[in-house]
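Student: Here's a structure for you.
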Amino acid sequence: SSSKNIVIIPGDGIGTEITAAALQVAQAAAAQSGSSFTYETKQAGGAAIDEYGIPLPAETIEACRKADGVLLGAVGGPQWDHVAPELRAEKAILGLRKELGLYANLRPIKVFPALAGQSPLKAEIVSAVNILIVRELNGGIYYGARQEASVVNGVEQACDSEMYSRPEVERIVRLACRAAIGRKGRVTSVDKANVLATSRLWRKVAAEIAQDFSEVELSHMYVDNCAMQLVLNPGNFDVIVTSNLFGDILSDEAAVLSGSIGLLPSASLGDGTGLYEPIHGSAPDIAGQGLANPLGTILSAAMLFRYSLSNTQAAIMIEQAVEQVLNDGYRTADIFQPGFTKVSTEEMGRQVIARLR
Ligand code: NAD
Ligand code: IPM
Ligand code: MN
2 SSSKNIVIIP
12 GDGIGTEITA
22 AALQVAQAAA
32 AQSGSSFTYE
42 TKQAGGAAID
52 EYGIPLPAET
62 IEACRKADGV
72 LLGAVGGPQW
82 DHVAPELRAE
92 KAILGLRKEL
102 GLYANLRPIK
112 VFPALAGQSP
122 LKAEIVSAVN
132 ILIVRELNGG
142 IYYGARQEAS
152 VVNGVEQACD
162 SEMYSRPEVE
172 RIVRLACRAA
182 IGRKGRVTSV
192 DKANVLATSR
202 LWRKVAAEIA
212 QDFSEVELSH
222 MYVDNCAMQL
232 VLNPGNFDVI
242 VTSNLFGDIL
252 SDEAAVLSGS
262 IGLLPSASLG
272 DGTGLYEPIH
282 GSAPDIAGQG
292 LANPLGTILS
302 AAMLFRYSLS
312 NTQAAIMIEQ
322 AVEQVLNDGY
332 RTADIFQPGF
342 TKVSTEEMGR
352 QVIARLR
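One rule links them: number in the UniProt record's numbering = place in the sequence shown (from 1) + 1.
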């Protein structure tokens, strides 16, 4: 049937607050675009550890596999930081990404005009920003062989390893090149090829794949330089394609350009169900107080409509309403400045709904 079903995974910390707000926006946007969806709520992360003793129950994986899309808040928190590594709350998100084959994480970084003065960087520097970070999400050091700390010859040591195969690099670079078409057509592949073997393979394969895209201009940049260029000349970037770990770090850095990490959405895509989540975590420091910015999650719901529910109209509706809410001066605590209207997580969601059209 044409009725779509999504899974909501609130997770931990602010996860419950931001997914509640985003779900209401999504339902209102669906209705206004003449459609609807059903949803079921499933547990993962610390919440699942507390209820089932494991971070990622089989039931949650199964529901996600069958669904048309998944909206996730965030997982993890200090309560679960001292459990066995295999049982950590964060294992839930790593497990879901693997189980669902979500090898591409799209993290768009835009600066809303109303917030250009919000970044610690000069408004004229951030105004030009429109970056898409394409982060490899199924490989690299996140999934390489690991050795927890143990004493070897009287010295405590631990080990993590990074592996990338040609097919893994090929598919992510291909996706980045396709994404660049219709944008500015520029892809910056970010690596550490002056040191790492995985990066040397990455760079070689990236160059080969880009050959198939005559309309795309590929360049290579070392990750340390990229970290600097992101705050020095962020307007120069179009699409950035990079490994799992580098993409994780660079996207939190890039979030500063937008004014707050609470604003940034993401889509994790593969061959099956897509998963949508803000790029930030469970923010234990502000959880349960209505302080969290829900806009990154609301914009993730817009990406869900676009990529998984084939409802571009609802996606655009949400994105325009978010822009309008900021133009109208509504601010959660993270982006608040004197003279603006301070609102809670819930109220921000309601103000977005009031502007859907
Ligand atoms: P974090 O992103 O949760 O928080 C970093 C800072 O940003 C904090 O000061 C927080 O208050 C602020 N912040 C984050 N989201 C916000 C929002 N929506 N509105 C306003 N402010 C916001 O990162 P952390 O503190 O390093 O990690 C906390 C926990 O979250 C850890 O357990 C970590 O592993 C987990 N985490 C989960 C995900 C995920 O589920 N995808 C992502 C990142 C971190
Ligand atoms: C993210 C998070 C996760 C990651 C953690 C929670 C495993 O930081 O989604 O950016 O590192 O991928
Ligand atoms: Mn991260």
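No residue lacks a Cβ here, since even glycine has one placed at the ideal position from N, Cα and C.
Quick caveat: nothing in here was measured; it's all calculated off a predicted structure.
Less than 9 Å between the C-beta atoms of E137 and S244, yes or no?
Tutor: Along the sequence shown, one-based indexing puts residue 137 at 136. Along the sequence shown, one-based indexing puts residue 244 at 243. Cβ distance < 9 Å, so E137 and S244 count as in contact.
Student: With DSSP run on the structure shown, which of helix, strand or coil describes G70?
Tutor: As a working mapping, residue 70 is identified with position 69 in the sequence shown. G70: strand per DSSP, three-state reduction.
Student: Does the ligand IPM have a heavy atom nearer than 8 Å to the CB of G77?
Tutor: For the purposes of this step, residue 77 is taken as residue 76 along the sequence shown, with counting starting at 1. Yes, since a heavy atom of the ligand IPM falls inside the 8 Å radius drawn around the Cβ of G77.
Student: Just the C-alpha distance for T298 and I19, rounded to the nearest angstrom, thanks.
Tutor: Against the sequence shown, residue 298 aligns to sequence position 297. Against the sequence shown, residue 19 aligns to sequence position 18. Between T298 and I19, the C-alpha separation is close to 6 Å.
Student: Per DSSP, Q148 forms a beta bridge with which residues?
Tutor: Along the sequence shown, read from residue 1 onward, the residue named residue 148 stands at position 147. Bridge partners of Q148: C160.
Student: If you draw a straight line from the alpha carbon of P295 to that of T17, how long is it in whole angstroms?
Tutor: Position 294 of the sequence shown, counted from the start, is the residue given in the question as residue 295. Position 16 of the sequence shown, counted from the start, is the residue given in the question as residue 17. If you take the alpha carbons of P295 and T17, they lie about 10 Å apart.
Student: Determine the closest residue to A45 out of T61, I7 and Q338, with distance taken between C-alpha atoms.
Tutor: Translated into positions along the sequence shown, residue 45 becomes position 44. Ranking the options by Cα distance to A45, first place goes to T61.
Student: Using CA atoms only, rank isn't needed, just tell me which of S311, T346, V344 and G282 is closest to G78.
Tutor: As a first step, residue 78 must be located in the sequence shown, where it is residue number 77. Residue nearest to G78 within the set S311, T346, V344 and G282 is G282 (criterion: CA-CA distance).
Student: Taking 9 Å as the threshold (C-beta atoms), are A146 and D161 in contact?
Tutor: Sequence index remark: in the sequence shown, residue 161 carries index 160 (1-based). Sequence index remark: in the sequence shown, residue 146 carries index 145 (1-based). Yes, these two residues count as a Cβ contact at 9 Å.
Student: For the beta strand (DSSP E) that contains K111, what are its first and last residues?
Tutor: As a working mapping, residue 111 is identified with position 110 in the sequence shown. It spans A105 to K111 - the beta strand (DSSP E) in which K111 sits, taken as one unbroken run.
Student: In three-state terms, what does DSSP make of T333?
Tutor: On the sequence shown, position 332 is the one that residue 333 refers to. In this structure, T333 counts as coil in the three-state DSSP scheme.
Student: Tell me which residue opens and which closes the alpha helix (DSSP H) that G298 is part of.
Tutor: By 1-based counting over the sequence shown, the position of residue 298 is 297. Here the sequence assigns Thr to residue 298, which means Gly is not the residue at that position. Per DSSP, the continuous alpha helix (DSSP H) segment holding T298 begins and ends at L296 to Y308.
Student: Can you tell me which residues fall inside 5 Å of the ligand IPM, judged by beta-carbon distance to its nearest heavy atom, and keep chain order?
Tutor: E91 and D249
Student: Express the C-alpha separation of F38 and S2 in angstroms, rounding to a whole number.
Tutor: Here residue 2 is taken as the residue at index 1 of the sequence shown, counted from 1. Here residue 38 is taken as the residue at index 37 of the sequence shown, counted from 1. Summary for S2: the model assigns pLDDT 42, below 50, so the residue's position carries little reliability, and this model does not support an answer.
Student: Got a sec? Which residues, its chain only, sit under 7 Å from L231 by beta carbon, not counting five neighbours each side?
Tutor: For the purposes of this step, residue 231 is identified with residue 230 of the sequence shown, where counting begins at 1. Closer than 7 Å at the Cβ level, and outside the excluded window around L231, lie L251, E254 and A255.
Student: Classify E63 as buried or exposed, calling it buried when 16 or more other Cβ atoms lie within 10 Å of its own Cβ.
Tutor: Within the sequence shown, the letter at position 62 stands for residue 63. That one is exposed.
Student: Compute the Euclidean distance between the alpha carbons of P56 and S4, then round it to the nearest angstrom.
Tutor: Locating residue 56 in the sequence shown gives position 55, counting from the first residue. Locating residue 4 in the sequence shown gives position 3, counting from the first residue. Whole-angstrom Cα-Cα distance: 30 Å.
Student: Considering only residues of the same chain and omitting the five flanking positions on each side of R358, which have a CB-CB separation below 6 Å?
Tutor: Counting from one through the sequence shown, the residue named residue 358 turns up at place 357. Non-local beta-carbon contacts of R358 in its own chain, meaning distances under 6 Å to residues more than five positions away in sequence, are absent.
Student: For H83, is the beta carbon positioned less than 8 Å from some heavy atom of the ligand NAD?
Tutor: Residue 83 sits at position 82 when you count from the first residue of the sequence shown. No, the beta carbon of H83 sits no closer than 8 Å to any heavy atom of the ligand NAD.
Student: I'd like to confirm something about D13: is its beta-carbon nearer than 8 Å to some heavy atom of the ligand ADP, or not?
Tutor: Questions concerning the ligand ADP fall outside what the structure shown contains, since the ligands it does hold are the ligand NAD, the ligand IPM and the ligand MN.
Student: At a cut-off of 8 Å, is E278 close to the ligand NAD when judged by its beta-carbon and the heavy atoms of the ligand?
Tutor: As a working note, residue 278 is residue 277 in the sequence shown. Yes; taking the cut-off as 8 Å, the Cβ of E278 has a heavy atom of the ligand NAD nearer than that.
Student: Can you give me the C-alpha to C-alpha distance between A316 and M304, rounded to a whole angstrom?
Tutor: For this step, residue 316 is matched to residue 315 along the sequence shown. For this step, residue 304 is matched to residue 303 along the sequence shown. It is roughly 6 Å from the alpha-carbon of A316 to the alpha-carbon of M304.
Student: Going by DSSP, what residue range makes up the alpha helix (DSSP H) through P86?
Tutor: Residue numbering aside, residue 86 sits at position 85 when the sequence shown is read from its first letter. It is not in any alpha helix (DSSP H) - P86 carries neither H nor E in the DSSP assignment.
Student: Hey, how far is the Cα of I15 from the Cα of G350?
Tutor: Residue numbering aside, residue 15 sits at position 14 when the sequence shown is read from its first letter. Residue numbering aside, residue 350 sits at position 349 when the sequence shown is read from its first letter. Distance between the alpha carbons of I15 and G350: 14 Å.
Student: For N131, name the three-state secondary structure that DSSP assigns.
Tutor: Your numbering for residue 131 matches position 130 in the sequence shown. N131 falls in the strand class under three-state DSSP.
Student: Given a threshold of 16 other Cβ atoms within 10 Å of its Cβ, counted over all protein chains shown, does M318 qualify as buried or as exposed?
Tutor: The residue labelled residue 318 in the question sits at position 317 within the sequence shown. Buried, since its Cβ has 16 or more Cβ neighbours within 10 Å.
Student: Can we count S151 as close to the ligand MN, meaning its CB is less than 8 Å from some heavy atom?
Tutor: Indexing the sequence shown from 1 puts residue 151 at position 150. S151 Cβ: outside cutoff for every heavy atom of the ligand MN.
Student: Unbroken beta strand (DSSP E) runs of length 3 or more, entirely within the segment 240 to 326: which are they?
Tutor: 240 to 243, 268 to 270 and 275 to 277
Student: Excluding the five sequence neighbours on either side, which residues of its own chain have a C-beta within less than 7 Å of the C-beta of L327, listed in chain order?
Tutor: Here residue 327 corresponds to residue number 326 of the sequence shown, with the count starting at 1. Cβ within range, chain order: F113, A115 and L116.
Student: With respect to 8 Å, is the separation between the Cβ of T333 and the closest non-hydrogen atom of the ligand NAD below this value?
Tutor: Here residue 333 refers to the residue found at position 332 when the sequence shown is read from its first residue. Result yes, Cβ under 8 Å from the ligand NAD.
Student: Taking 8 Å as the line, does the beta carbon of D192 fall inside it for any heavy atom of the ligand MN?
Tutor: Translated into positions along the sequence shown, residue 192 becomes position 191. Checking the Cβ of D192 against the ligand MN gives no.
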